[in-house]
Amino acid sequence: MIDFQNNRIQFHQSNSPWIRSFSLESIKCLIVCRGPVRKEAMEIFDLIGIREYGILLSEKDSVVYPMALAPELRGFRFPHNIHRVPDYMGSGNAEKLERIQQIISIAKDNKYTHIFAGYGFMAEDSEFISAIEKSGIVFMGPASYVADQAGSKDAAKKIARKLEVSVTPGVDNISSLALLAKAPDGKALEKLAKDKGIDFTFDSSVSLETNAENLLDLGYAKIVELVSIADLQVEAEKECKKIWEKFSKNRIRFKYIGGGGGKGQRVVSKIEEVKAAVQEILSESKVTAPGTNKNFLIELNIENTRHNEIQLIGNGEWCLALGGRDCSVQMHEQKLLEISLTQELLEKEIAVSASTNPKKAEVLKGDLKVLRDMEEQSERFGAAVKLNSVSTFESIVDGTNHFFMEVNTRIQVEHRVTEMVYSLKFKNPENANDFFIVDSLIEAMALLSLHGKRLQKPERILRYPSGAEVRINATNKAIQPHAGGVIMGWSKPLPEEIRDDQGISIRNPDMGLFVHYKVAGAYDSNIALLITHGETREDNLKRLSNILRRTELRGHDLQTNLLVHYGLINWILGKDAMFKPSTAFMISYLAGVGSLERLMKDVDLEIAWKKTISEAPAEAKKVLSRKLTLITRPIEAIAKDAHLVAGFIGFHLNHSWKIAGSKIEWLRNPIFILADLYHYLNMEADVTQPPSEQIWDHDNEILQKAISFYQELSKKTGIAADSIELVSSLNAGKALKGVDASILPQVIQSHNGFQIGLELIKLLPSAGLNSGFYNLGVDEKLEAILPEEFKKSDTRDAFIKFLAPPPKASSDEIVAPMGGMFYSKEAPDLPPMVQVGDHFKAGQPLFIVEVMKMFNKISAPFSGTVKEILLNDSDGKIISKGQTIFKIVPDEVIHIETDQEIADRKKKITLSLI
1 MIDFQNNRIQ
11 FHQSNSPWIR
21 SFSLESIKCL
31 IVCRGPVRKE
41 AMEIFDLIGI
51 REYGILLSEK
61 DSVVYPMALA
71 PELRGFRFPH
81 NIHRVPDYMG
91 SGNAEKLERI
101 QQIISIAKDN
111 KYTHIFAGYG
121 FMAEDSEFIS
131 AIEKSGIVFM
141 GPASYVADQA
151 GSKDAAKKIA
161 RKLEVSVTPG
171 VDNISSLALL
181 AKAPDGKALE
191 KLAKDKGIDF
201 TFDSSVSLET
211 NAENLLDLGY
221 AKIVELVSIA
231 DLQVEAEKEC
241 KKIWEKFSKN
251 RIRFKYIGGG
261 GGKGQRVVSK
271 IEEVKAAVQE
281 ILSESKVTAP
291 GTNKNFLIEL
301 NIENTRHNEI
311 QLIGNGEWCL
321 ALGGRDCSVQ
331 MHEQKLLEIS
341 LTQELLEKEI
351 AVSASTNPKK
361 AEVLKGDLKV
371 LRDMEEQSER
381 FGAAVKLNSV
391 STFESIVDGT
401 NHFFMEVNTR
411 IQVEHRVTEM
421 VYSLKFKNPE
431 NANDFFIVDS
441 LIEAMALLSL
451 HGKRLQKPER
461 ILRYPSGAEV
471 RINATNKAIQ
481 PHAGGVIMGW
491 SKPLPEEIRD
501 DQGISIRNPD
511 MGLFVHYKVA
521 GAYDSNIALL
531 ITHGETREDN
541 LKRLSNILRR
551 TELRGHDLQT
561 NLLVHYGLIN
571 WILGKDAMFK
581 PSTAFMISYL
591 AGVGSLERLM
601 KDVDLEIAWK
611 KTISEAPAEA
621 KKVLSRKLTL
631 ITRPIEAIAK
641 DAHLVAGFIG
651 FHLNHSWKIA
661 GSKIEWLRNP
671 IFILADLYHY
681 LNMEADVTQP
691 PSEQIWDHDN
701 EILQKAISFY
711 QELSKKTGIA
721 ADSIELVSSL
731 NAGKALKGVD
741 ASILPQVIQS
751 HNGFQIGLEL
761 IKLLPSAGLN
771 SGFYNLGVDE
781 KLEAILPEEF
791 KKSDTRDAFI
801 KFLAPPPKAS
811 SDEIVAPMGG
821 MFYSKEAPDL
831 PPMVQVGDHF
841 KAGQPLFIVE
851 VMKMFNKISA
861 PFSGTVKEIL
871 LNDSDGKIIS
881 KGQTIFKIVP
891 DEVIHIETDQ
901 EIADRKKKIT
911 LSLI
């Protein structure tokens, strides 16, 4: 077995010549990607004995590191191997070609043998890969022929159909159809080619569509425009009408053929949205220039879908599936939570559920069949395209049906999830006892790039039944991008935590202090990936929850989705760890959390406590005064973030309390629920934390005395300390077995003292009930129950706004809800979305803000008329959140609440909850 110890670059001297023959010492690799995978690649290269490596740094990186070096460079072993480029792939095709040659020149001048491109667009750009291959340098990833076949969404769909792989209904040749609408036969195609100066001869041995595609390819090669955006818009409308004739209730998805990470995709629900959607996906993919390949897919949008994917690995002769990942928890087409899907896990869960929950077992059996089918089809696809590295076969799943979506011909962001569950065992074909184990997919890529054809098909070995990852992104509570913040402190990773954070957590090597890090908007919003494993899905999610609970991530103007994940994972744990969310789940869940925020922002604990005091017996008021901070501090802390509330009340529903009509009834001793609340908030007693971050000493003394009291009673009575049975018996003054009658009055008196005031905790589940949040659930099929008010866009979006309210603005202006790059129009050749004098309606798009590679259409919060545009001729200008964009004349004057109206509202809301 290959063994590297102490992270030294020294190949283990195995007794086996066969194992030693797979040395990677000859590799000198140029890393041309950024983000968490760049640092991970450096760590893996150190471990597996790669001789030397270097990295590219873009000038945009200087935006990220104004106060420090790139975090990956702290302790970087090869300081002369840092190479500067203006950006990684340029802003258009001409700049891209220039950058490709620059990267190849850097590699050749510095004698790099390999180039590694991680999981960015460069990693699956066949033009880039082909240029590297022609230069004599080895590309560490799938070959250009793989990217040509599988990396292009339209080409991949055609291959899948030939292989009889299940695919989504739709059109993958819209450019060809648009061309044939202009030139419907061979003569017309030849005339068009001649007019454009293209040498083309119609081939009668192939179909008309194939001829059209051949002509388009010649046009792309010469950068000659054959099909315009307007042509594509007209043809897209025709095809959408055809699809809606068969599937009238479904929406339609447009996907640019080279997109990824949610970019270059739009979903339309009516014909009036088609033209704008076509323009947007092409603008976002930066292919609006004449002569560029503008082909995109038009697919039936299967509404209640899950997004599952299969990890593939191959050497060009064999292909192996490494189980699946469920990536359905996503927003804006970007994944947030990724969980492994393996046959071993499903078989284990089926066995456990067979006797306790037969319906669940049947559902999981259906999932197991789907997974096996997807793995089999993915291996056939990988073998057909002669996959020679790692790739991902992506599918959408609807019940027990699955449809091939696309192949990502690169390593995925979430590849570590697969690494948690499977290792690869490579055996000597002449001696089964001679083998080595590979745990890292990046290591596997390195091996395949150097020794590919010599590697026999490996055996996959189970490491852990479950793996999961959350993406920590620079987003606000509504999961909207938030750039510009500075990370000023980050707790160290826990033993069970893998944190891929680009090196941000690496301390100053001289002082051991955290180095500040600026979250810029030049790239996507991802800051870090947090990964862990488990013996079951539930165990896995509990570990992930604990990692998030104990993670301290602090900074200036810093907003992340860490608490979004923490709340969501606890909500799932309260329902069923095997929950199967659809890709539409997260936006409805956010609406539910927004409904909580609407109430919780108006909770006034001073009013609530005064009400509690006023209703208490005279003799209890003194006891209550001692418990003021014990009870109110954690409620005040959790009420600051509705995501925290959602996780806590979601987990404890039907575990610690139940809903009986309009009332909340305890299912557990509330003193233990209070202890759980302190634990959930990570506010337990801790000598290493400041008082503001933990339970105060005098409060902890009361809490621990209460817990000890009930634990002692439990020993005497045999009734569980946290059970509601013990509480109910003491409330009723009943005699307790094991408790002497002579001391029962004192026991009841102590019990009453410990319990008084705890009814205030019901404020939290009451918010869940009154907000409608408790209408979110999970059914017998393990699928989400989504109330209509959280699904319909008008009510749903209104709830989500409570999580990220727009900046305060006067009634005569429109301000930017976020910082980023301003655009007044959807494409350079189009007019501004609104002009002076235009009347606009509430919800109408007014301008665009590009932040972290995502185009965000900003809609009017109310109706009015544009009086003045303050950013004329400012497309591409950086704007800040709250900056005034338009002066307007509103249709109706906005009412601004007075202080008294706000106070009255808070009093009404608070009293209604208690």
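Numbering (the UniProt record's numbering), first residue to last: 1 to 914. Glycine included, each C-beta is placed from N, C-alpha and C at the ideal position.
- When the beta-carbon positions are compared, Ile229 and Val278 come within less than 9 angstroms of each other.
- The C-beta distance from Ala816 to Ser880 rounds to 7 angstroms, short enough to fall under 8 angstroms.
- In the DSSP assignment, Ala528 is bridged to Ile472.
- Of the residues Ala432, Ile909 and Pro832, the one whose Cα lies closest to the Cα of Trp18 is Ala432.
- Rounded to the nearest whole angstrom, the C-alpha separation of Ala618 and Thr612 is 12 angstroms.
- Judged by DSSP secondary structure, Glu868 falls within the beta strand (DSSP E) whose first and last residues are Gly864 to Ile869.
- The DSSP assignment places 553-556 as complete runs of the beta strand (DSSP E) inside the stretch 541-591, in order along the chain (cut-off: 3 residues).
- Per the coordinates, the alpha-carbon of Val224 lies some 12 angstroms from the alpha-carbon of Lys194.
- DSSP, reduced to helix, strand and coil, places His516 outside both helices and strands of the structure shown, so it counts as coil.
- Straight-line spacing of the CA atoms in Ile252 and Pro169 works out to 10 angstroms.
- Counting C-beta pairs closer than 8 angstroms gives three or more between the stretch 585-594 and the stretch 762-780, which meets the contact rule.
- Following the DSSP letters along the chain, one finds Ile635 inside the alpha helix (DSSP H) bounded by residues Leu628 to Ala639.
- The Cβ neighbour count for Gly661, taken over all protein chains shown within 10 Å, is under 16; the residue is labelled exposed.
- Boundaries cannot be given for Pro831, as no alpha helix (DSSP H) includes it and DSSP labels it neither H nor E.
- Judged by beta-carbon spacing, Lys222 lies beyond the 9 angstroms limit of Gly136, meaning their Cβ atoms are not closer than that value.
- When DSSP assignments are scanned along the stretch 340-401, the uninterrupted stretches of alpha helix (DSSP H) that are 4 or more residues long and fall wholly within it turn out to be 343-356 and 358-384.
- The C-beta of Glu892 has fewer than 16 other C-beta atoms within 10 Å across all chains shown, which makes the residue exposed.
- Here Phe672 carries a helix assignment [DSSP, helix/strand/coil].
- The Cβ-Cβ distance between Lys825 and Met833 falls below 9 angstroms.
- Per DSSP, Met420 has no beta-bridge partner at all.
- Within its own chain, the residues whose Cβ lies closer than 7 angstroms to the Cβ of Gly452, once the five positions on either side in sequence are excluded, are Asn315, Gly316 and Asn388, listed in chain order.
- When DSSP reads this structure, Ala660 sits in a beta bridge with Lys663.
- A residue is called buried when at least 16 other Cβ atoms come within 10 angstroms of its Cβ; Gly366 does not meet this threshold and is exposed.
- Cβ atoms of Ala41 and Phe116 come within 8 angstroms of each other, at about 6 angstroms.
- If you check the CB distance, Leu179 and Leu189 come in under 9 angstroms.
- With contacts defined by Cβ atoms closer than 9 angstroms, Arg554 and Met488 form a contacting pair.
- A straight line joining the alpha-carbon of Pro581 with that of Thr305 spans about 8 angstroms.
- Leaving aside the five residues that flank Asp576 on each side, the residues in its chain whose CB is nearer than 7 angstroms to its CB run, in chain order, Val778 and Leu782.
- Judged by DSSP in its simplified three-state form, Gly882 adopts coil rather than helix or strand.
- For Gln749, the uninterrupted alpha helix (DSSP H) segment begins and ends at Leu744 to Gln755.
- Residue state for Val274 is assigned as helix, using DSSP reduced to three classes.
- For Glu309, the closest C-alpha among the options Thr475, Asn293 and Asp326 is that of Asp326.
- Judged by pairs of C-beta atoms under 8 angstroms, the stretch 93-110 does not touch the stretch 349-368, as fewer than three such pairs exist.
- Assigned with DSSP and collapsed to three states, Arg20 falls in helix.
- Excluding the 5 residues flanking it on each side, Gly324 has same chain C-beta neighbours closer than 8 angstroms at Asn308, Glu309, Ile310, Gln311, Ser340, Leu341, Thr342, Leu371, Met374 and Glu375, in chain order.
- Of Ile472, Pro634 and Glu209, the smallest CA-CA separation from Tyr566 is found for Ile472.
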